[in-house]
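In this note's numbering, the protein residues as written are 33 to 390.
Backbone N, C-alpha and C fix where the C-beta goes; we use that ideal spot for every residue, glycine too.
Note that the structure is predicted; figures quoted are calculated from it, not measured.
Everything below concerns the one structure shown next.
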Ligand code: PLP
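Laid out in structure tokens, this is it:
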């Protein structure tokens, strides 16, 4: 099993096999999707199908556009601000981890970005909403649903009195049901839960489209993207096609409810292994906002134990368990494609390692 950060394709063996099968000849066309014109009928059908599946899986209401955009999550840090900040010139940011901190920093280029609570030194919790100071004049309120590096995940949708909510769901996209109607914009880079790196899904309420700052490059402009159904220029056709295959797989695996149940079960196994170790493993995150997707933990007794843990795990096929370079330690990423079996293997290994040191 692999627990690394962008490894969906390593797990989705069946999807990869299907992609391999169709690599040289997609649906009898005699061509690879890679070779096809992005304006030809075959690709256009794939493109439409991917967007429709996304709409079905997340029950996206009709007054929302689903855009497929370049630039990853980082591209959206800028795009969000450029497209939405113009309304009042300011926006509210809830900084709960490394990624929302980056988004906040980027937004300052385009207007006045406010922190809704003071930035913490270490990201281990999400302040209750009663402690948030929202500006009623803000163009939007921004937060990151799951902080990938820190393992901090929201278990509520903030109440913003009608101010549109923008949410980065890059690392927990399609892992639990979400009431899209509560949001102005939801975006997610594909590479954690739904496909290869190279494409970003942006779900945006229609009334928020068309207010971009004048200098916004058209490639990051929601209106220009929507107008051409995300084919204003050559899209990463192969990435989009593979994402469609993942959507199909996800639908076969019980859809969004299936993923929610699955992610709950998996993360509980790892948190339980941490708890049962009586402090040998230590997860710094507050119990109420522990992530189902990324479980960071430390072995505090002896710094060398972490290195040994990682080496032994790797020898047993559990790869890329190293924490993010900015925080160190160990991190198990449990994206949709990680199986319950993979997770049981890791939990068992954690127990054995702990017992061997006690
Ligand atoms: N937001 C979150 C929550 C992430 O986890 C990441 C990357 O890991 C990003 C944004 C940045 O995404 P990208 O690397 O696609 O720019």
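Span separating the alpha-carbon of residue i from that of residue j
i, j, result
"residue 134", "residue 310", "35 angstroms"
"residue 354", "residue 253", "36 angstroms"
"residue 229", "residue 378", "26 angstroms"
"residue 50", "residue 251", "31 angstroms"
"residue 220", "residue 308", "34 angstroms"
"residue 86", "residue 272", "11 angstroms"
"residue 340", "residue 296", "28 angstroms"
"residue 78", "residue 66", "12 angstroms"
"residue 117", "residue 249", "15 angstroms"
"residue 238", "residue 100", "15 angstroms"
"residue 235", "residue 258", "11 angstroms"
"residue 278", "residue 368", "10 angstroms"
"residue 55", "residue 82", "18 angstroms"
"residue 244", "residue 214", "22 angstroms"
"residue 145", "residue 176", "15 angstroms"
"residue 267", "residue 201", "21 angstroms"
"residue 344", "residue 381", "9 angstroms"
"residue 70", "residue 151", "44 angstroms"
"residue 158", "residue 203", "17 angstroms"
"residue 41", "residue 265", "For residue 41, the pLDDT reaches just 39, beneath the cut-off of 50, and the residue's location in the model is therefore unreliable, although a value from the coordinates is still provided. Distance between the alpha carbons of residue 41 and residue 265: 26 angstroms."
"residue 33", "residue 103", "For residue 33, the predicted model reports a pLDDT of 42, less than 50, meaning its position is unreliable; a value from the coordinates is still stated below. Cα to Cα, the separation comes out at about 29 angstroms."
"residue 346", "residue 48", "23 angstroms"
"residue 52", "residue 107", "30 angstroms"
"residue 128", "residue 320", "14 angstroms"
"residue 335", "residue 303", "21 angstroms"
Candidates the options: closest to residue i by CA position
i, options, result
"residue 161", "137, 142 and 186", "186"
"residue 206", "281, 181 and 239", "281"
"residue 357", "126, 86, 73 and 181", "181"
"residue 109", "136, 295 and 235", "136"
"residue 196", "266, 174, 128 and 84", "174"
"residue 168", "148, 106 and 154", "148"
"residue 333", "91, 352, 163 and 313", "313"
"residue 113", "293, 199, 177 and 163", "199"
"residue 126", "53, 179, 375 and 102", "179"
"residue 305", "342, 274 and 376", "376"
"residue 373", "107, 342, 385 and 294", "294"
"residue 171", "291, 119 and 164", "119"
"residue 301", "104, 191 and 322", "322"
"residue 105", "48, 350 and 232", "232"
"residue 6", "371, 262 and 352", "Residue numbering for the chain in the displayed model covers 33 to 390; residue 6 lies beyond these limits and cannot be assessed."
"residue 287", "57, 124 and 91", "91"
Closer than 8 angstroms: residue i CB and nearest the ligand PLP heavy atom
i, result
"residue 200", "yes"
"residue 138", "no"
"residue 352", "no"
"residue 111", "no"
"residue 281", "no"
"residue 295", "no"
"residue 185", "no"
"residue 290", "no"
"residue 126", "no"
"residue 54", "no"
"residue 229", "yes"
"residue 95", "no"
"residue 134", "yes"
"residue 178", "yes"
"residue 105", "yes"
"residue 320", "no"
"residue 355", "no"
"residue 323", "no"
"residue 360", "no"
"residue 82", "no"
"residue 207", "no"
"residue 181", "yes"
"residue 232", "yes"
"residue 250", "no"
Beta-carbon proximity list for residue i, same chain, < 7 angstroms, skipping 5 on both sides
i, result
"residue 289", "209"
"residue 337", "331 and 389"
"residue 240", "116, 196, 216 and 217"
"residue 44", "278, 281 and 369"
"residue 246", "none"
"residue 255", "241, 242 and 244"
Contacting residues, own chain, Cβ-Cβ under 8 angstroms from residue i (five flanking each side not counted)
i, result
"residue 156", "182, 184, 316, 317 and 318"
"residue 88", "283"
"residue 193", "166 and 168"
"residue 211", "189"
"residue 292", "207, 208 and 209"
Contacts around residue i, its chain only, beta-carbon distance under 6 angstroms, and the 5 residues preceding and following it disregarded
i, result
"residue 75", "68 and 269"
"residue 111", "252"
"residue 386", "309 and 312"
"residue 348", "none"
Stretch pair the stretch 48–62 + the stretch 216–228: three plus CB contacts closer than 8 angstroms: no
The stretch 319–328 / the stretch 360–371 touching (three or more Cβ pairs under 8 angstroms): Enough Cβ pairs lie closer than 8 angstroms, so yes.
Given 8 angstroms, three or more beta-carbon pairs between the stretch 87–105 and the stretch 141–149: no
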